[in-house]
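S.K.: Per the working numbering, numbering through the sequence shown is continuous, rising by one, with the last residue being 700.
Beta carbons are placed, not taken as given, at the ideal position from N, Cα and C, and that holds for glycine.
All of these numbers come straight from a predicted model, not from anything done at the bench.
Sharing a structure with you now.
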Amino acid sequence: MCGIAGVYNYANERLINDVVLKQMTDVIAHRGPDDDGFLIQGRIGLGHRRLSIIDVSGGHQPIFNEDGTVAIVFNGEIYNYQELAHLVESRGHKLQTRSDTETIVHLYEEFGENAVAMLRGMFAFAIWDARKQTMLLARDRLGKKPLYYADYKGRLLFGSEVKCIIADPEIPRDVNPEAVADYFSFLAIPAPKSIFKHVRKLRPAHYLVITPNGVREQEYWDIDFSQTEVRSEEEWQEQLLDALREAVDIRLMSEVPLGAFLSGGVDSSSVVAMMSQITNRPVVTASIGFTSEEFSEAAAAKKFAEYVKAEHHERIVNPDAVSVVEKLAYHYDEPFADSSAVPTFYVSQVAREFVTVALSGDGGDENFAGYRRYKFDVAENRVRGMLPASLRKPAFGAMAAVYPQLDWLPRPLRAKATLRNLSLDPAEAYFQSVYGAVARERDGLFGADLKAQLSDYNPFDLFRHYYNRAKTDDPLSRAQYVDMKTYLVDDILTKVDRASMAVSLEVRCPILDHKFMELAARIPSDLKLRNGTGKYIFKQAIRKIVPEEVLTRPKMGFSIPLAEWLRTDLRDLAHSLLFDTKDEWLNQETVKSLWERHQNGTRDFGTPIWTILMFRLWQRRFLA
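Okay, here's the thing in structure tokens:
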């Protein structure tokens, strides 16, 4: 894994400032501590930081074609590169290294932009074609690897993290008010926006082509839920197990120590079990736990590790260790409020003590409807289908208005949330199911200046766009699709990339292999969610390699005792940031009300308060 940065002054004659390019690259040294490399040719500059994984001795970047006219800086791993290497060699190219990166250079020479869609893996890269004075920036299908850019005054700057781009003093740090609204809705900032007005994220499955004539963006892939196939359960189980085996197997190539995250849940256990079948040595696994057993999966992880005879490493995180939140503000570059970033950072630390590459189980919930909210959404859509909107909205809306707010109850007993959702259209109801805890506080939280800047902007419009874009009429598939385009990309994968790269650890996600996902998308919904239980067909498929107790254990999630920490160990830090910091964006009276009600136990406002806390930490780190 690596970090990349660069500049192309495509619409002016300015030469590259080598000092600034070095600064842009140095700020991401944590992504690639083993090596750095640069290319400066007049108006073009490329920078690279390397974490050596494959061809440790020969993978220095930038890498060039035979005559030096095409160069690449690359972050990621290409798992079908050996097949592609044979292809380009058959067309007369001479490979000088064993790295996957060099293969892409020659693939581009042969196929141009179409080369991007031929890659299987996770990646963000920049190719410079001196012959055509053209730059190609590309990001993988799911957004596992980040890529930011700024198109500013005829200059295109790019980098693996926002801090690369704002290392150039000419790029203004003006905050985008719409991104602030997005953050307090999604707990992260969805692509293509970033927190800064002049910096954007390249969306997953997209590439940019930059020439002296301008900048063009192109999508090259999308997940398709419209091609469902009718097969027996046994056939699906066999196909899934074979596809999982292949997805894991191709991710085991490495010249450095390799292991896996293990929580003891279905997804990580399936990956570790498959690794143990493929390799002839114990799998190195890492997990963390908390002193509060309610949030700790350490015992389950340890038990499964013993089952597969893994070399298991565990760390118990106690509340004294939560000072990590200040580090998170730096490494995430933007406000980011998924509190599971804390355990993800710690499990990455544990893993990095023993390995350089770790496989994870991310993606099982999105592919096979594992989140509990899918069950409620499907049930609510059945009820919606029984009543016309003209009756449903006023009836359920009125009942929701008078029903008490009982957030402390389990979801099935929180009738107010269900009644409110039934009064909404399907897209808005699902948005509330995913993000309602913070989104419902948003309007009261915003200050007058921010509201004026936002005018009629609504973050929900992006969510609705993806909900309606899904190529399916099936409500469950629509929910999965919108999660893949928002929550998975901008929350889950962002969380994993920044937390792991902070400690120079590469994470690979076999369940998010795009071919595996395409197979899962063809499976009918009733085989994913059956009798209120998610992941039905996936669990059936992995019964041969995972014990029954793992498949039937209640889902816990990867969370922290947030409400407790905000009343104890994080209380002083949170109080100082919430009330000793001047803030033009938020309504301090609302902040005070949330804080006081949380502290006296009236309500659990842990998530909204954490969201404000991480926003303030980001302000202090990047705007002070």
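1) Out of P288, N190, G123 and T687, which one is the CA nearest neighbour of L521?
2) Which residue comes first and which comes last in the beta strand (DSSP E) that contains V285?
3) Where do the N-terminal and C-terminal ends of the beta strand (DSSP E) with D205 fall, by residue?
4) Name the DSSP bridge partner or partners of Q353?
5) What residues are listed by DSSP as bridge partners for D111?
6) Determine the direct distance from the alpha carbon of A202 to that of E185, and round the result to whole angstroms.
7) Which same chain residues, not among the five before or five after Y543, have their C-beta less than 6 Å away from its C-beta?
8) Cα separation between D227 and D176?
9) Look at the alpha carbon of D519 and the alpha carbon of D325, and state the distance between them as a whole number of angstroms.
10) Quickly, what does DSSP pair R231 with across the bridge? List them, please.
11) So, at 8 Å on beta carbons, what are the nonlocal neighbours of L530 in its own chain, with the 5 sequence-adjacent residues on each side left out?
12) Where does K451 sit, in a helix, a strand or coil, going by DSSP?
13) Thinking A375 and V359 are a contact (beta carbons under 8 Å), I'd like their distance in whole angstroms, please.
14) Buried or exposed: which applies to N88, given that a residue is buried once 16 or more other Cβ atoms fall within 10 Å of its Cβ?
15) Tell me whether the segment 375 to 393 and the segment 234 to 242 touch, counting them as touching only if at least three CB pairs, one residue from each stretch, are closer than 8 Å.
16) Restricting to Cα atoms, I'd like to know which of F691, V418 and V146 is closest to K658.
17) With DSSP run on the structure shown, which of helix, strand or coil describes A264?
18) Around the Cβ of H124, are there at least 16 other Cβ atoms within 10 angstroms (buried) or fewer (exposed)?
19) In terms of residue numbering, what span does the alpha helix (DSSP H) encompassing S576 cover?
20) Opposite V146 in the DSSP bridges: which residues?
21) I'd like to know whether the C-beta atoms of A639 and G677 end up nearer to each other than 7 Å.
22) Would you say A214 and Y283 are within 7 Å of each other, going by their C-beta atoms?
23) Under a Cβ-count criterion, where at least 16 other Cβ atoms within 10 Å of its own Cβ denotes burial, should K631 be classed as buried or exposed?
24) For R107, which option in I116, V83, C78 and G113 has the closest C-alpha, if you only look at C-alpha atoms?
25) Count the other C-beta atoms from every protein chain shown that fall within 10 angstroms of the C-beta of R292, then say buried if there are 16 or more, exposed otherwise.
26) To the nearest angstrom, how far is the alpha carbon of V348 from that of L334?
27) Going along the chain, which residues of its own chain have a beta-carbon closer than 8 Å to the beta-carbon of R249, five neighbours each way excluded?
28) Which residue's Cα is closest to the Cα of R207: Y84, V164 and T145?
29) From what residue to what residue does the beta strand (DSSP E) around V360 run?
30) Which same chain residues end up closer than 6 Å to L115 when comparing Cβ atoms and leaving out the 5 residues on each side of it in sequence?
31) Leaving out five residues before and five after Y447 in sequence, what residues of the same chain have Cβ atoms less than 6 Å from its Cβ?
32) Identify every residue that forms a DSSP beta bridge with I618.
33) Roughly how many angstroms lie between the CA atoms of T179 and M350, to the nearest whole one?
34) Taking the beta carbon of F655 as the centre, do at least 16 other beta carbons fall within 10 Å, making it buried, or is it exposed?
35) Count the CB pairs spanning the segment 405 to 421 and the segment 445 to 461 that are closer than 8 Å, and state whether there are at least three.
36) Is DSSP giving G335 helix, strand or coil here?
M.R.: Taking the structure as given:
1) As a working mapping, residue 521 is identified with position 445 in the sequence shown. Nearest of P288, N190, G123 and T687 to L521, Cα basis: T687.
2) Counting from one through the sequence shown, the residue named residue 285 turns up at place 209. Note, V285: beta strand (DSSP E), H282 to T287.
3) Residue mapping note: residue 205 aligns to position 129 of the sequence shown, counting from 1. Element bounds for D205: G197 to D205.
4) On the sequence shown, residue 353 is found 277 positions in, with the first residue counted as 1. Partner(s): none; Q353 has no beta bridge.
5) Locating residue 111 in the sequence shown gives position 35, counting from the first residue. Note: D111 sits in a beta bridge opposite R126.
6) Position 109 of the sequence shown holds residue 185. Position 126 of the sequence shown holds residue 202. In this structure, the straight-line span from the alpha carbon of E185 to that of A202 is close to 14 Å.
7) To locate residue 543, count along the sequence shown from 1; it is residue 467. Cβ neighbours of Y543 beyond the five flanking positions: A503, R554 and V558.
8) In the sequence shown, counting from the first residue as 1, residue 227 sits at position 151. In the sequence shown, counting from the first residue as 1, residue 176 sits at position 100. In a straight line, the C-alpha of D227 is about 29 Å away from that of D176.
9) On the sequence shown, residue 519 is found 443 positions in, with the first residue counted as 1. On the sequence shown, residue 325 is found 249 positions in, with the first residue counted as 1. If I take the Cα positions, the gap works out to 48 Å.
10) Within the sequence shown, numbered from 1, the residue matching residue 231 stands at position 155. Looking at the DSSP assignment, R231 forms a beta bridge with Y228.
11) Residue numbering aside, residue 530 sits at position 454 when the sequence shown is read from its first letter. For L530, same chain residues with a beta-carbon under 8 Å away, outside a window of 5 residues either side, are P253, E254, A257 and F522 in chain order.
12) Taking the first residue of the sequence shown as 1, we reach residue 451 at position 375. Reduced to three states, the DSSP call for K451 is helix.
13) Within the sequence shown, the letter at position 299 stands for residue 375. Within the sequence shown, the letter at position 283 stands for residue 359. No, A375 and V359 are not in contact; Cβ-Cβ is about 19 Å, not under 8 Å.
14) Against the sequence shown, residue 88 aligns to sequence position 12. With fewer than 16 Cβ atoms within 10 Å of its Cβ, N88 is classed as exposed.
15) no
16) Taking the sequence shown and counting its residues from 1, one reaches residue 658 at position 582. Checking every option, the nearest Cα to that of K658 belongs to F691.
17) Locating residue 264 in the sequence shown gives position 188, where the first residue counts as 1. Coil.
18) Locating residue 124 in the sequence shown gives position 48, counting from the first residue. By the neighbour-count rule (16 or more Cβ atoms within 10 Å), H124 is buried.
19) For the purposes of this step, residue 576 is identified with residue 500 of the sequence shown, where counting begins at 1. Start and end: T570 to M577.
20) As a first step, residue 146 must be located in the sequence shown, where it is residue number 70. Answer is D205.
21) Translated into the one-based positions of the sequence shown, residue 639 becomes position 563. Translated into the one-based positions of the sequence shown, residue 677 becomes position 601. Going by C-beta atoms, A639 is not nearer than 7 Å to G677.
22) Looking up residue 214 in the sequence shown gives position 138. Looking up residue 283 in the sequence shown gives position 207. For A214 and Y283, yes; Cβs fall inside 7 Å.
23) Walking along the sequence shown from the start, residue 631 turns up at place 555. K631 is exposed by the Cβ-count criterion.
24) Working through the sequence shown from its first residue, we reach residue 107 at position 31. Comparing Cα positions, the closest option is C78.
25) Here the question's residue 292 lines up with position 216 in the sequence shown. With fewer than 16 other beta carbons inside 10 angstroms of its own, R292 counts as exposed.
26) Position 272 of the sequence shown, counting from 1, holds the residue named residue 348. Position 258 of the sequence shown, counting from 1, holds the residue named residue 334. Approximately 12 Å between the Cα atoms of the pair.
27) Position 173 of the sequence shown, counted from the first residue, corresponds to residue 249. Same-chain partners within the cutoff: I242, F272, F698 and L699.
28) For the purposes of this step, residue 207 is taken as the residue at position 131 of the sequence shown. Ranking the options by Cα distance to R207, first place goes to T145.
29) By one-based count along the sequence shown, residue 360 stands at place 284. Boundaries of the beta strand (DSSP E) harbouring V360: V360 to F366, taken from the DSSP string.
30) By one-based count along the sequence shown, residue 115 stands at place 39. Once the five neighbours on either side are set aside, the close Cβ partners of L115 are L122, P138 and A147.
31) Translated into positions along the sequence shown, residue 447 becomes position 371. Counting only Cβ-Cβ distances below 6 Å, and skipping sequence neighbours, we find D441.
32) Counted from its first residue, the sequence shown places residue 618 at position 542. BP columns for I618 are empty, so no partner.
33) Along the sequence shown, read from residue 1 onward, the residue named residue 179 stands at position 103. Along the sequence shown, read from residue 1 onward, the residue named residue 350 stands at position 274. When rounded, the distance between both Cα atoms is 29 Å.
34) Residue mapping note: residue 655 aligns to position 579 of the sequence shown, counting from 1. Label assigned to F655: exposed.
35) no
36) Counting from one through the sequence shown, the residue named residue 335 turns up at place 259. DSSP places G335 in strand when its eight states are reduced to three.
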